[in-house]
Structure formats: structure tokens, C-alpha cells
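All remarks here apply to the structure that follows.
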Amino acid sequence: MAAGGLIRRAMKEPRRPPNPPMARTEPTTKDDSPAEPVRKTMINVLIMRLVIAVSAIEMYRK
Numbered sequence: 577m578a579a580g581g582l583i584r585r586a587m588k589e590p591r592r593p594p595n596p597p598m599a600r601t602e603p604t605t606k607d608d609s610p611a612e613p614v615r616k617t618m619i620n621v622l623i624m625r626l627v628i629a630v631s632a633i634e635m636y637r638k
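Below, the structure written as C-alpha cells:
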């Protein structure tokens, strides 16, 4: 079935080296974590891929 390959491709995360640390003008504090927007973006991308995979399965089913 083609939907299994679609799910597998949607779940696969591309391997990328981590971004170099951004130059900050102000000194960073301990509670100001720079990884927070990255995590939100990753979660949004995963949710979007899940939605795309489910809609593709629904299209193939009909």
C-alpha cells in the first residue's frame, strides 16, 4: 500500500548539523533558553507533516 511509504517519509526527519549559536548583543541569562523557538518549530513541522500524511491517506482511500 502506498500510504505506508507516505507515513514513513513524513516521519523521517532530515539529519542536519545544529545551527551555529547566534551572536547576541545582550548577555544571555540562564532562564533565557535559545532552544525554545527551535523546539516549537520542530513540533509545528511534525504536526504539519502528520496532517499532510493523514490527508494523503484519506485521498488514497477514496
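Note that the numbering used here has the sequence shown beginning at 577, numbered continuously upward. Yeah, the Cβ is synthetic: ideal placement off N, Cα and C, and Gly gets one too.
How would you label residue i, buried or exposed, when you count the other beta carbons within 10 angstroms and need 16 or more for buried?
{"i": "Met-577", "result": "The pLDDT assigned to Met-577 is 47, lower than 50, so where the model puts this residue is not dependable; a value taken from the coordinates is nonetheless given after this. Counting Cβ neighbours within 10 Å, Met-577 comes out exposed, since fewer than 16 surround it."}
What would DSSP say about residue i, mapped onto helix, strand or coil?
{"i": "Lys-616", "result": "helix"}
Excluding the 5 residues preceding and the 5 following residue i in the sequence, name in chain order all residues of the same chain whose CB lies nearer than 8 Å to its CB.
{"i": "Val-627", "result": "none"}
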